[in-house]
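J.:
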Amino acid sequence: MDVSQYLEIFIDETREHLQSLNEQILILEKEPENVDTINEIFRAAHSLKGMAGTMGYKRMQRLTHDMENVFSEIRNGKMKASPKLVDVLFKGLDALEQYLDVIVNSGDEGTEDNEDIIKVLNEILNEGLGGAAEPAAPAAAASAPAAAAATQAVGESGVKPYTLAEHEKSAIEKALSEKMNAFAMTVYIQETCILKAARAFLVFKALEDLGTVIHSEPAVQDIEDEHFDFDFTVVLLTDKDAETAKKKVENVSEIKIACVEAITMDAVATASATETKAAAESASVQQKDSGAPAAAATQQKASAGKPVVNRSVRVDIDKLDDLMNLVSELIIAKNGLVSINTADVAGLRESGFNEQIEYLERITTNLHQSVMKTRMVPIENVVSRFPRMIRDISKKLDKKMELYMSGEETELDRTVIDEIGDPLMHMLRNAADHGLESNEERIKAGKPEVGSIFLNAYQDGNNVVIEVRDDGKGVDVEKIKKKAVEKGTITSEQAATMTDKEAIDLLFRPSFSTAEKISDLSGRGVGLDVVKSKIEALGGDVEAKTVLGEGTTFIVRLPLTLAIIQALMVELGQEKYAIPLGSIQTIEDVLPSDIKYVQTKEVIHLRGNVIPLIRLRKVLDIPEDDFAPESLTVVIVAKGDRLAGLVIDNLIGQQEIVIKSIGKYINNNKMIGGATILGDGEVALILDANAIV
Amino acid sequence: MTETVSSKEAKQYIVVKLGNEQYGIDIQYVDNIVRMQKITRVPKAQDFFNGVINLRGEIVPVMSLRVKFELDPDEFTGKTRILILKFEPQAAVGVIVDEVREVVTLDADQIEKVSYNPNDEKSLFLSGIGKHNDNLISLLNIEGIIVEKEKEA
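Taken in sequence, the protein lines are chains Y and U.
Everything in the first sequence is counted per the numbering used here, starting at 24 for the first residue and increasing by one.
Everything in the second sequence is counted per the numbering used here, starting at 2 for the first residue and increasing by one.
(1) By the 10 Å Cβ neighbour count, where 16 or more other Cβ atoms means buried, how is U/Phe77 classified, buried or exposed?
(2) Flag this pair as yes or no: are the beta carbons of Y/Leu144 and Y/Leu119 separated by less than 8 Å?
(3) I want to verify the contact list: residues of chain Y whose CB lies under 7 Å from the CB of U/Phe50, in sequence order.
(4) Where does Y/Gly563 land, buried or exposed, given buried means 16+ other C-beta within 10 angstroms?
(5) In angstroms with no decimal places, state the Cα-to-Cα distance between U/Arg36 and U/Ile54.
(6) Report the residue from Y/Pro241, Y/Leu591, Y/Ser95 whose alpha carbon sits nearest the alpha carbon of Y/Glu135.
(7) Suppose contacts are defined by Cβ-Cβ distances below 8 Å. Is Y/Leu346 in contact with Y/Ser393 by that definition?
(8) Would you list, in chain order, the members of the segment 389-415 of chain Y that have their beta-carbon closer than 7 Å to a beta-carbon of chain U?
(9) Anything in chain U within Cβ reach of Y/Ala698, meaning under 9 Å, just list it in chain order.
(10) Distance cutoff 8 Å, beta carbons only. Does U/Ile112 sit that close to anything in chain Y?
(11) If you draw a straight line from the C-alpha of Y/Leu708 to the C-alpha of Y/Thr37, how long is it?
(12) In whole angstroms, what is the alpha-carbon distance linking U/Arg41 and Y/Phe376?
(13) For Y/Ile513, which of helix, strand or coil comes out of DSSP?
(14) What is the rounded straight-line gap between the Cα of Y/Lys228 and the Cα of Y/Gln28?
(15) Chain U beta carbons: is any one of them nearer than 8 Å to that of Y/Ser556?
(16) Please report how far the alpha carbon of U/Ile143 lies from the alpha carbon of Y/Ile689, in whole angstroms.
(17) For Y/Val466, which of Y/Lys496, Y/Met74, Y/Val508, Y/Val658 has the nearest alpha-carbon?
(18) Determine the direct distance from the alpha carbon of Y/His238 to that of Y/Glu189, and round the result to whole angstroms.
(19) So, with DSSP's three-state summary, where would you put Y/Thr186?
(20) Y/Gly704 versus chain U: which residues are under 7 Å apart at the beta carbon?
(21) Can you look up Y/Lys410 in the DSSP assignment and give me helix, strand or coil?
(22) Y/Ser684 by DSSP, collapsed to three states: which one?
(23) In whole angstroms, what is the alpha-carbon distance linking Y/Val182 and Y/Leu390?
(24) In whole angstroms, give me the CA-to-CA distance for U/Thr106 and U/Tyr14.
(25) Return no unless some Cβ of chain Y is closer than 8 Å to the Cβ of U/Ile147.
(26) Could you list the residues in the segment 633-647 of chain Y with a C-beta less than 9 Å from some C-beta on chain U, going in chain order?
(27) Let's test the definition: count the other Cβ atoms within 10 Å of the Cβ of Y/Asp139 and tell me whether it reaches 16, buried, or not, exposed.
(28) Once the 5 residues before and after Y/Thr537 are set aside, which same chain residues still bring their CB inside 8 Å of it?
(29) Looking at Y/Ile355: is its Cβ nearer than 8 Å to the Cβ of Y/Val405?
(30) Whole angstroms is fine: what's the gap from Y/Leu459's alpha carbon to Y/Leu530's?
(31) Taking contact to mean 3 or more Cβ pairs, one atom from each stretch, closer than 8 Å, check whether the segment 669-686 of chain Y and the segment 565-577 of chain Y are in contact.
(32) Whole angstroms is fine: what's the gap from Y/Gly668's alpha carbon to Y/Met448's?
(33) Is there a C-beta anywhere in chain Y that falls below 8 Å from the one on U/Val94?
(34) In the DSSP assignment, find the beta strand (DSSP E) that holds U/Ile26 and state where it starts and stops.
(35) Whose C-beta lies closer than 7 Å to the C-beta of Y/Asp254 among residues of the same chain, with five residues either side of it excluded?
(36) Could you check if U/Gln1 is buried or exposed, using at least 16 other CB atoms within 10 Å of its CB as the buried criterion?
See the structure below:
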């Protein structure tokens with residue numbers, strides 16, 4: 024059965040299930056007895072297995088199957104979710120995510136078997152069922168030598184571990200029995216090499232002169248697409264000796280070294296036991312070692328790679344219905360135009376035409392807005408993976424911490440959502456790693472032992488603000504200055520006159536990020552310049568605030584030309600203004616006789632609060648007219664806990680509006696937070712209540 | 002229009018009218034020319050900004066060159082146009098002119114530099130005087146007109 028048409032759905036749903044599993048297992052870790060959670064996990068794991076099976080991803084299915092077995096036992100109450108089990112489960116989820124990534128990029132699940140995870144899972148399962156409280160020493164013991172063997176393999180010969188499929192093994196066996204040689208060879212390409220794929224091609228060509236290449240890691244296709252770092256491993260069957268093969272390969276220019284290792288029958292047999300663990304190991308080692316060039320390579324990969332699947336957005340069915348309605352209206356408008364064209368009376372034609380054009384204009388504007396709306400995604404999609412990340416960091420650093428999030432429902436444009444994840448992750452890591460002190464230090468400083476990290480998102484006028492706050496030790500401004508002077512970033516005179524804020528801004532300088540030492544000193548400064556440039560590329564900005572001993576806050580502000588808010592439309596004279604609903608408390612009718620004066624300022628007394636009145640006409644320079652209404656319509660807005668009453672002429676109603684910037688050239692005293700285009704094409708300005716109050 | 006691009010230095014200018022004078026605007030900054038339309042006033046903005054318009058879904062601030070140059074206030078006629086200028090990407094500004102005349106190509110030797118007096122803000126507005134046939138065209142320094150606003154603000 025051809026299932027490729029379901030691939031996108033599969034990927035979407037798998038992502039969702041994995042995310043939900045991550046979240047639920049986090050809960051399970053804290054509340055091992057929570058039946059709802061266990062049921063939820065079981066359901067998700069079960070669907071995951073079913074989907075993977077349907078799509079023919081056997082390895083993925085196998086791993087989920089074993090995980091599901093464990094969940095099933097937990098659900099039946101035969102096992103408990105021990106910390107060790109949770110760790111393994113998370114590892115399993117990571118492995119599943121890797122499968123998914125491979126699938127997204129190649130359409131195939133790859134060749135990773137994750138035997139070690141499956142093994143540990145089964146051991147835990149057996150233990151649990153056997154009722155034995157014995158610690159899982161065998162498992163640890165089993166994986167330890169495997170790991171050791173693997174590192175050894177890399178260390179001695181320089182040949183990276185590889186995975187052989189059954190038919191490849193039998194091919195090797197056959198070749199060996201025919202007195203041919205089998206070699207595993209890892210070819211390292213110089214890091215300065217630009218056309219890696221071309222070099223690799225030449226290597227393959229050279230090897231094929233000698234014999235047959237039966238296996239390569241990464242796959243040949245990936246190598247051709249430059250989907251590899253600076254090395255790849257091949258298995259060669261040849262009648263020549265190792266030295267010949269080595270020379271032949273090293274003759275290709277820009278090849279650093281070729282490491283060759285003979286494969287014996289024993290090696291073939293044991294390879295399968297060590298390969299998985301080893302591959303994982305080497306992957307992490309490789310990442311650490313290769314550093315900058317590897318990062319560049321990954322970037323290249325990202326741009327060069329053609330993912331099999333397009334990115335997609337899940338859209339609320341209501342939004343789609345809206346779109347559908349608008350499209351129907353568009354068709355009606357077109358038909359209207361057609362019929363006008365055939366009308367006989369010229370005057371009728373003229374007026375009808377204009378009418379239809381206006382109608383059409385209204386529809387297209389709405390259509391535009393609706394399409395924009397479908398692009399809006401709650402920030403939850405990005406932040407939901409952070410609790411898991413903080414948990415892992417907490418375990419790794421052996422530092423107790425808790426992540427508190429709020430405002431996950433804040434909506435951002437899809438493109439921003441895609442880009443904002445990494446900078447946020449970086450800031451959270453920074454907070455967890457450097458911002459928070461160790462538990463002992465915290466107790467000494469009289470703080471609660473468990474550190475807190477806060478991630479708050481909210482809409483602020485024209486911006487979406489995301490705050491990353493920790494209650495750690497804060498940044499020592501003096502130390503930053505000292506370091507900056509030492510590094511020559513600033514002069515000592517500059518340092519002396521520098522405000523604290525300016526000093527903290529130094530953290531975002533690129534030169535600071537490369538200095539490893541500053542991170543020990545101040546706890547900040549690694550990669551913040553990257554965070555800043557990324558956020559600035561999105562049109563936003565980032566600032567840091569810190570109080571020594573009390574913590575640090577990073578504030579990311581994303582100005583959103585696309586942001587959509589609910590607003591109250593009001594009328595003042597001939598002009599229309601929008602007031603963001605978020606800042607509105609209530610709307611009141613106030614009799615002129617109820618207005619009191621305090622220090623010649625108008626105030627009203629409302630349910631125990633004295634609220635100053637602001638005549639918007641005056642503030643916005645709209646000429647007063649003579650009309651004196653019987654009662655005033657007052658919109659009560661709040662800024663923090665301060666209230667103010669805005670006097671307006673008329674209410675038009677609530678409306679969802681798209682915020683657009685009015686450009687940087689026009690100066691408006693911040694009272695205008697932006698503008699929006701109304702259904703009839705007219706521009707209405709958005710009042711920033713914060714600036715007026 | 003008979004002249005052709007005779008040297009590499011030649012630049013094209015859109016010639017507009019303000020009162021009795023002719024001004025030239027470097028064509029590379031001109032994104033669009035639109036008819037006069039409803040301008041939404043922006044309270045407390047600089048006096049030479051008439052407000053903002055809706056240009057196909059984008060909000061574009063519109064300024065009056067007449068006010069900026071301290072000429073008589075605008076009179077909107079059938080010939081009044083808004084030139085949409087893009088000095089920087091993502092930041093368009095509209096300027097109101099009485100009339101758009103033509104496009105001329107001026108060689109470097111047809112342009113006379115004007116003296117620059119840092120104390121006189123208005124001297125920032127011009128980048129030179131172009132001689133075309135028998136007419137003199139004041140060439141506008143778009144940067145001076147648009148960007149300089151920020152300092153005032």
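Cβ atoms here follow ideal geometry from the backbone N, Cα and C, with glycine treated the same way.
T.: Looking at the coordinates:
(1) Classification for U/Phe77: exposed.
(2) Going by C-beta atoms, Y/Leu144 is not nearer than 8 Å to Y/Leu119.
(3) Neighbours of U/Phe50 on chain Y, chain order: Ile689.
(4) Answer is buried; the Cβ neighbour count reaches 16.
(5) C-alpha separation (whole angstroms): 11 Å.
(6) It is Y/Pro241.
(7) Less than 8 Å separates the beta-carbon of Y/Leu346 from that of Y/Ser393.
(8) From the segment 389-415 of chain Y, only His391 have a Cβ closer than 7 Å to chain U.
(9) Taking a Cβ-Cβ threshold of 9 Å, the residues of chain U close to Y/Ala698 are Thr41, Val43, Val53, Asn55, Ile60, in chain order.
(10) Taking a beta-carbon distance threshold of 8 Å, U/Ile112 does not count as an interface residue toward chain Y.
(11) For Y/Leu708 and Y/Thr37, the gap between their C-alpha atoms comes out near 43 Å.
(12) The sequence shown places Thr at residue 41 of chain U, not Arg. Approximately 26 Å, taken between the alpha carbons.
(13) Note: Y/Ile513 maps to coil in three-state DSSP.
(14) Spanning the two alpha carbons is a distance of roughly 36 Å.
(15) False, the Cβ-Cβ gap to chain U never drops below 8 Å.
(16) Cα-Cα distance, rounded: 15 Å.
(17) First, the amino acid is wrong: residue 466 of chain Y is Ile here, not Val. Ranking the options by Cα distance to Y/Ile466, first place goes to Y/Lys496.
(18) Roughly 11 Å separates the two Cα atoms.
(19) The answer is coil: DSSP assigns Y/Thr186 none of H, G, I, E or B.
(20) Those are Asn55, listed as they occur along chain U.
(21) The sequence shown places Pro at residue 410 of chain Y, not Lys. Note: Y/Pro410 maps to helix in three-state DSSP.
(22) Three-state result, Y/Ser684: coil.
(23) One C-alpha to the other measures close to 59 Å.
(24) Between the C-alpha atoms of U/Thr106 and U/Tyr14 there is a straight-line separation of about 6 Å.
(25) Taking 8 Å as the threshold, the shortest C-beta distance from U/Ile147 to chain Y falls below it.
(26) Of all residues in the segment 633-647 of chain Y, only Val642, Leu643, Asp644, Ile645 come within less than 9 Å of chain U when Cβ atoms are compared, listed by chain position.
(27) By the 10 Å Cβ count, Y/Asp139 comes out buried.
(28) The predicted model places Y/Thr537 with a pLDDT of 41, which falls under 50 and marks its position as unreliable, so this point remains unresolved.
(29) For Y/Ile355 and Y/Val405, no; Cβs fall outside 8 Å.
(30) The straight-line gap from Cα to Cα measures roughly 17 Å.
(31) The segment 669-686 of chain Y and the segment 565-577 of chain Y do not touch, with fewer than 3 CB-CB distances between them shorter than 8 Å.
(32) Within the model, the alpha-carbon separation for Y/Gly668 versus Y/Met448 is close to 41 Å.
(33) Answer yes: the Cβ-Cβ gap between U/Val94 and chain Y drops below 8 Å somewhere.
(34) Run containing U/Ile26: 22-27, per the beta strand (DSSP E) assignment.
(35) Contacts found: Lys183, Thr209, Val210, Tyr211, Ile212.
(36) Within the shown structure, residues of chain U are numbered from 2 to 154, placing residue 1 of chain U beyond reach of any answer.
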